[in-house]
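Asker: Residue numbering for the sequence shown follows my numbering, starting at 1139 and increasing by one per position. Backbone N, C-alpha and C define an ideal beta-carbon position, used for all residues, glycine too.
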Amino acid sequence: MTDLQYSFGGALAQQRRRRQFANTGVRIDLIRLICATKLSSQSQCSDLTCALAPAFAHHAGYTASDEEPLRIPAPIAYIVLYVALYAAFGAASPFWPQFFETRALASQQIGLILAAAMLTRLVFGPLVAMLADRLGSLRLVLAGCAAAAAAAAVALLWADKFWFLLLVALVQAAALAPTTSIADALSVNTARPRFAGRPFEYGWIRGTASAAFVLGTLITGQLVSPADLTPVIWMNAAFLIAAAGATALLPGQARSQRSRSFVLSEMKALISVSQFRIMIIASALIYGSHAVHDAFAVIRWSDAGISTSAISFLWSEAVIAEVLVFMLAGPPLLDRIGVRGAAILAAAVGIVRWSVAGMTTSVLPLSLIQPLHGVTFALLHLACMRVMGMLVAASVAATAQSLYAFGSGALTATLTFLSGELYASYGGAAFFPMAALCVLALPFAWFGFANGRC
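#1: So what does DSSP say about S1319, is it helix, strand or coil?
#2: Report the option in S1363, I1475 and P1235 whose CA atom is closest to the CA atom of G1088.
#3: May I ask which residues mark the beginning and end of the alpha helix (DSSP H) holding M1465?
#4: Measure the alpha-carbon distance for D1441 versus S1540 and round it to whole angstroms.
#5: Using 8 Å for Cβ pairs, my map puts A1285 next to A1382. What's the rounded Cβ distance?
#6: Relative to the C-alpha of A1459, which candidate in A1521, G1228 and F1515 has its C-alpha closest?
#7: State the Cα-Cα distance for the pair G1476 and T1240, rounded to the nearest angstrom.
#8: Have a look at A1548 and L1265 and give me their C-alpha separation to the nearest angstrom.
#9: Kindly indicate which residue of T1446, A1253 and V1292 has the alpha-carbon position closest to the one of F1377.
#10: Quick one: what does DSSP say S1500 is sitting in, helix, strand or coil?
#11: Helix, strand or coil for D1298 per DSSP?
#12: Return the first residue and the last residue of the alpha helix (DSSP H) that N1374 is part of.
#13: What are the residues that DSSP puts in a beta bridge with S1363?
#14: Do you know whose CA, among V1221, A1485 and F1338, lies nearest S1348's CA?
#15: Could you pull out every residue in the same chain whose Cβ sits closer than 6 Å to the Cβ of T1385, ignoring the five residues on either side in sequence?
#16: Taking all protein chains shown into account, decide if T1258 is buried (16 or more other Cβ within 10 angstroms of its Cβ) or exposed.
#17: With 16 as the cutoff for other CB atoms within 10 Å, does A1567 come out buried or exposed?
#18: Could you tell me the distance, in whole angstroms, from the CA atom of W1372 to the CA atom of C1522?
#19: Looking at the unbroken alpha helix (DSSP H) that takes in F1585, where does it start and where does it end?
#20: Compute the Euclidean distance between the alpha carbons of A1429 and A1551, then round it to the nearest angstrom.
#21: Are C1576 and A1486 closer than 9 Å when you measure CB to CB?
#22: For Q1310, does the count of other Cβ atoms within 10 angstroms reach 16, so buried, or fall short, so exposed?
#23: Of the residues F1338, P1213, G1345 and F1582, which one's Cα is nearest the Cα of L1462?
#24: Alpha carbon to alpha carbon, how far is A1573 from I1507? Give it in angstroms, no decimals.
#25: I need the straight-line Cα distance from A1651 to L1273, nearest angstrom please.
#26: Assuming contact is defined by CB atoms lying nearer than 9 Å, are M1405 and M1268 in contact in what I supplied?
#27: Where L1304 and I1251 are concerned, what is the direct C-alpha to C-alpha distance, given to the nearest angstrom?
#28: Beta-carbon separation of R1478 and A1583 under 9 Å?
#29: Taking all protein chains shown into account, do 16 or more other C-beta atoms lie within 10 angstroms of the C-beta of I1424, making it buried, or fewer, making it exposed?
#30: For the putative contact between A1535 and A1287, defined by C-beta atoms under 8 Å, what is the C-beta separation to the nearest angstrom?
#31: Out of S1563, V1326 and V1362, which has the shortest C-alpha to C-alpha gap to V1530?
#32: Given this structure, state the Cα-to-Cα distance separating T1317 from W1439, to the nearest angstrom.
#33: Helix, strand or coil for T1201, going by three-state DSSP, please let me know.
#34: Measure how close the beta-carbons of Q1313 and A1290 come, nearest whole angstrom, since I'm counting them as under 8 Å.
#35: Using alpha carbons as the reference points, say which of N1374, L1361, L1219 and K1299 lies closest to I1343.
#36: Measuring alpha carbon to alpha carbon, tell me which of V1457, F1544, I1419 and A1297 ends up nearest F1238.
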């Protein structure tokens, strides 16, 4: 028998075996379903049934490639997604004001675009997240939003009038609004990655995202010039397209389109949980306390005669501390002191940090308090994600994450607006009301993170 006849005959035999196997109604996926069903009901799957599964598969001619497509490990997929998404933010966020300035816009017009974009994100974040929950397809909505934001970024290349720039900027803001909330919903609630059979730490993923933000800023900073900021557009769009593509690598999510009434009822049930509401208040107060620092710290330090290299060092300290807490120190610390302890620690550290910032502009004490950003932001965020993973049902995960983001975003925007008046009137003393916010957050941290060691 020739090789051709042999291979052809073997193919026919294999096809007959598959047809016979299918006709019996006994298929490998059915057996696995039986096993999974029994295991889910706390019963042990029959050793004989589970042992027969590979044999049936072999008899039918099935291989692993017949059952499901090859995927990269889920943790790696999430890291790719977060790196692409946050690199896109880092490549553009610091440069948008200067980009709009190259379009011959006045300072008032630039401020209006940035403020309107912030308001748009606050509005569209929860709305699109609710849509994603209702459709039951978070990956698809995330990919669509990232692609739409990339298209809007490219459209800015042809925008040269104020109203056109404003329109395109608002479209991109609306598209970007739910992206981080949906990504967090996937990684924390609906398709949490696992490694070697154990949950993969969210902090490791989020830490790489913070590092990617800095890397995106550094790369773009090397490509732009005062007269040409178009690399900002291309880098932002390229990373966003990469993020859209990365959603295809994520673990599959069971799709089930839900009615509007179902999503609303689930959301009402979530909001009725007092711990969830109080957690949002506590986190908003502590995150919002960063407003004066983020808006006026560099101005205050520069006015005090601190060199630009020293300012860069101080700012870098905070970012490095954020990454280290996310990736290394935060997860074991949470395991040790629990989410309540972490939230209380974040509030207490915020009191110290903003009090010292208001009292001095000396580089030494500032260099000692800047790393505390790892506690006032990163550790608190990790604690919130653990509470969300415990409290929030997968059916409203994106909505819950968007409400969490909305609370801190709305308060931060309000406090940023007020911080201008505070700093103009009181200078460095404007940091003291921020410390007071952290004092106010202490009781909310106690009650909003009630399950101490979840």
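Answerer: On the basis of the coordinates in this document:
#1: Within the sequence shown, the letter at position 181 stands for residue 1319. Helix, per DSSP.
#2: As displayed, the chain neither begins before 1139 nor continues past 1592, which places residue 1088 out of reach and without an answer.
#3: What you label residue 1465 is simply residue 327 of the sequence shown in a count that begins at 1. For M1465, no alpha helix (DSSP H) encloses it, and the DSSP letter there is neither H nor E.
#4: Your numbering for residue 1441 matches position 303 in the sequence shown. Your numbering for residue 1540 matches position 402 in the sequence shown. D1441 and S1540 have their C-alpha atoms spaced approximately 38 Å apart.
#5: Taking the first residue of the sequence shown as position 1, residue 1285 is located at position 147. Taking the first residue of the sequence shown as position 1, residue 1382 is located at position 244. Indeed they touch by this definition, with Cβ atoms about 4 Å apart.
#6: As a first step, residue 1459 must be located in the sequence shown, where it is residue number 321. A1459 has its Cα closest to that of F1515, out of A1521, G1228 and F1515.
#7: One-based indexing of the sequence shown puts residue 1476 at position 338. One-based indexing of the sequence shown puts residue 1240 at position 102. Rounded to the nearest angstrom, the gap between the Cα atoms of G1476 and T1240 is 49 Å.
#8: Along the sequence shown, read from residue 1 onward, the residue named residue 1548 stands at position 410. Along the sequence shown, read from residue 1 onward, the residue named residue 1265 stands at position 127. When the Cα atoms are used, A1548 and L1265 turn out to be separated by approximately 15 Å.
#9: Mapped onto the sequence shown, residue 1377 falls at position 239. The shortest Cα separation from F1377 among T1446, A1253 and V1292 belongs to V1292.
#10: In the sequence shown, counting from the first residue as 1, residue 1500 sits at position 362. The DSSP-derived three-state label of S1500 is coil.
#11: As a position in the sequence shown, residue 1298 is number 160, starting the count at 1. If DSSP states are grouped into helix, strand and coil, D1298 belongs with coil.
#12: If you number the sequence shown from 1, residue 1374 lands on position 236. Taken as a continuous stretch (DSSP letters only), the alpha helix (DSSP H) holding N1374 covers T1368 to A1384.
#13: Numbered from its first residue, the sequence shown carries residue 1363 at position 225. Paired residues: D1366.
#14: As a first step, residue 1348 must be located in the sequence shown, where it is residue number 210. Closest option to S1348, Cα to Cα, is V1221.
#15: For this step, residue 1385 is matched to residue 247 along the sequence shown. Excluding residues up to 5 positions away in sequence, R1277, L1280 and A1281 lie with their Cβ nearer than 6 Å to the Cβ of T1385 in the same chain.
#16: Stepping through the sequence shown from its first residue, residue 1258 is reached at position 120. Here T1258 is buried. Its C-beta has 16 or more other C-beta atoms within 10 Å.
#17: As a working note, residue 1567 is residue 429 in the sequence shown. By the neighbour-count rule (16 or more Cβ atoms within 10 Å), A1567 is not buried but exposed.
#18: Position 234 of the sequence shown, counted from the start, is the residue given in the question as residue 1372. Position 384 of the sequence shown, counted from the start, is the residue given in the question as residue 1522. Those two C-alpha atoms are separated by around 34 Å.
#19: Taking the sequence shown and counting its residues from 1, the one referred to as residue 1585 is at position 447. Membership of F1585 in the alpha helix (DSSP H) is indicated by the continuous run F1569 to G1586.
#20: For the purposes of this step, residue 1429 is taken as the residue at position 291 of the sequence shown. For the purposes of this step, residue 1551 is taken as the residue at position 413 of the sequence shown. Roughly 8 Å between the two C-alpha positions.
#21: For the purposes of this step, residue 1576 is taken as the residue at position 438 of the sequence shown. For the purposes of this step, residue 1486 is taken as the residue at position 348 of the sequence shown. Yes, the pair counts as a contact, with Cβ atoms nearer than the cut-off.
#22: In the sequence shown, counting from the first residue as 1, residue 1310 sits at position 172. Per the 10 Å Cβ criterion, buried.
#23: For the purposes of this step, residue 1462 is identified with residue 324 of the sequence shown, where counting begins at 1. Among F1338, P1213, G1345 and F1582, the Cα nearest to that of L1462 is on G1345.
#24: One-based indexing of the sequence shown puts residue 1507 at position 369. One-based indexing of the sequence shown puts residue 1573 at position 435. Looking at the two C-alpha atoms, the distance is approximately 13 Å.
#25: Outside the modelled stretch of the chain, which goes from 1139 to 1592, sits residue 1651, for which no answer is possible.
#26: Translated into the one-based positions of the sequence shown, residue 1405 becomes position 267. Translated into the one-based positions of the sequence shown, residue 1268 becomes position 130. For M1405 and M1268, yes; Cβs fall inside 9 Å.
#27: Numbered from 1 along the sequence shown, position 166 holds the residue referred to as residue 1304. Numbered from 1 along the sequence shown, position 113 holds the residue referred to as residue 1251. Each residue's alpha carbon lies about 6 Å from the other.
#28: Along the sequence shown, read from residue 1 onward, the residue named residue 1478 stands at position 340. Along the sequence shown, read from residue 1 onward, the residue named residue 1583 stands at position 445. At a Cβ-Cβ threshold of 9 Å, R1478 and A1583 count as neighbours.
#29: In the sequence shown, counting from the first residue as 1, residue 1424 sits at position 286. It is buried - the Cβ of I1424 has at least 16 other Cβ atoms within 10 Å.
#30: Here the question's residue 1535 lines up with position 397 in the sequence shown. Here the question's residue 1287 lines up with position 149 in the sequence shown. Between A1287 and A1535 the Cβ distance is about 21 Å, and since that is not below 8 Å, they are no contact.
#31: Within the sequence shown, numbered from 1, the residue matching residue 1530 stands at position 392. Nearest Cα to V1530 within the set S1563, V1326 and V1362: V1326.
#32: In the sequence shown, counting from the first residue as 1, residue 1317 sits at position 179. In the sequence shown, counting from the first residue as 1, residue 1439 sits at position 301. Cα atoms of T1317 and W1439: separation of roughly 34 Å, rounded to the nearest angstrom.
#33: Numbered from 1 along the sequence shown, position 63 holds the residue referred to as residue 1201. With a pLDDT of 42 at T1201, under the threshold of 50, the predicted position of this residue should be treated as unreliable, though the coordinate-derived value follows. Looking at T1201 - three-state DSSP - the assignment turns out to be coil, as it is neither helix nor strand.
#34: As a first step, residue 1313 is located in the sequence shown; it is residue number 175 there, counting from the start. As a first step, residue 1290 is located in the sequence shown; it is residue number 152 there, counting from the start. For the sequence presented, residue 1313 should be read as Ala rather than Gln. 6 Å between Cβ atoms; contact.
#35: Taking the first residue of the sequence shown as 1, we reach residue 1343 at position 205. When each option's Cα is compared against that of I1343, the closest is L1219.
#36: If you number the sequence shown from 1, residue 1238 lands on position 100. Measuring C-alpha to C-alpha distances from F1238 to each of V1457, F1544, I1419 and A1297 identifies A1297 as the nearest.
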